[in-house]
Amino acid sequence: MITLRRATAGLALLSLAATANAVAQCPGLENFKTPPAGSWAEYKTTNGSMRLAVLGSEGTGVRMEMAMTTKEGPAIVQMVVPGYPYEMSGITEMVFQRPGTPAMRMPTQMLGMMRDRMPKDMLAEACRNAHANRVGEETITVPAGTFHTVHYHDAEKNTDVWLSNQLPFPMVQVKTGEDTIVLTGSGAGAKSQITGPIQDMPMGGPRN
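Heads up: the sequence shown begins at 1 in the numbering used here, then just goes up one per residue.
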């Protein structure tokens with residue numbers, strides 16, 4: 001069952017990725033924009049892997065998707081957000097699909113409750129109050145290739161972020177404590193990994 005608590009916890013990694021990319025709005029990478037429709041990036045994480053993709057426009061926002069590896073298969077989260085990087089409080093639609101189950105759209109009431117539990121003004125805080133200092137420009141090599149990056153360090157949170165404006169998604173590498181996120185590939189032509197029709201989720205989560 002996907003409860004509100006599990007849904008919120010499942011977005012923790014997504015929040016980390018968005019916060020890291022939020023530094024792209026800080027001095028040095030001011031020209032960052034939402035990646036074009038079809039853009040995707042894959043990352044190796046401490047606990048597996050994740051794939052970020054921009055699927056296309058949705059009203060005044062964009063539809064994004066993240067697939068995270070699990071032992072059973074990919075767990076998929078699809079969202080409509082104002083742009084990327086994004087405020088978690090700005091999500092207007094969310095769809096989950098667990099391995100072997102139908103895709104479920106979160107009820108509006110449940111989505112509102114979840115948004116209320118997420119950090120507010122996450123992007124502004126990432127630059128204004130995260131104490132991230134620009135270390136300098138560095139060329140680093142990751143599984144996806146070699147990139148010219150800007151390195152930021154947050155001593156308070158023991159976090160290092162390497163960003164590159166050569167990529168649609170600027171995050172190349174993040175190290176925070178013992179956790180890491182490293183770019184393994186990126187490209188265009190992304191399509192949704194959700195299979196089957198999307199069903200409306202009952203309050204409290206699916207019963208199966």
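The beta carbon of each residue, even a glycine, is placed where N, CA and C say it ideally should be.
Cβ-Cβ separation, residue j to residue i (assumed contact under 8 Å), whole Å
i	j	result
residue 142	residue 81	Not really, about 26 Å apart at Cβ, beyond 8 Å.
residue 155	residue 185	Their Cβ separation, rounded to whole angstroms, is 31 Å, which puts residue 155 and residue 185 out of contact at 8 Å.
residue 61	residue 92	6 Å
residue 198	residue 95	6 Å
residue 158	residue 176	6 Å
Cut-off 6 Å between Cβ atoms - residues of its own chain near residue i, not counting five sequence neighbours on either side
i	result
residue 153	133, 135, 160
residue 190	38, 40, 53
Beta-carbon gap between residue i and residue j smaller than 7 Å
i	j	result
residue 64	residue 201	no
residue 67	residue 173	no
residue 83	residue 45	no
Three-state secondary structure (DSSP) of residue i
i	result
residue 24	Summary for residue 24: the model assigns pLDDT 44, below 50, so the residue's position carries little reliability; its value from the coordinates is reported in the next sentence. Residue state, collapsed to three classes: helix.
residue 167	coil
residue 201	coil
residue 193	coil
residue 134	strand
residue 187	strand
residue 113	helix
Residues near residue i by beta carbon distance below 8 Å, same chain, minus five either side
i	result
residue 139	146, 147, 148, 149
residue 99	70, 72, 73, 74, 75
residue 195	97, 103
residue 56	37, 38, 62, 63
Cutoff 7 Å; reference residue i; Cβ partners in own chain excluding five residues on either side
i	result
residue 212	Outside the shown range of the chain, which is 1 to 208, sits residue 212, and nothing can be said about it.
residue 166	147, 148
Heavy atom of the ligand MN within 6 Å of residue i beta-carbon
i	result
residue 35	With respect to the ligand MN, the structure offers nothing, as it holds no ligand at all.
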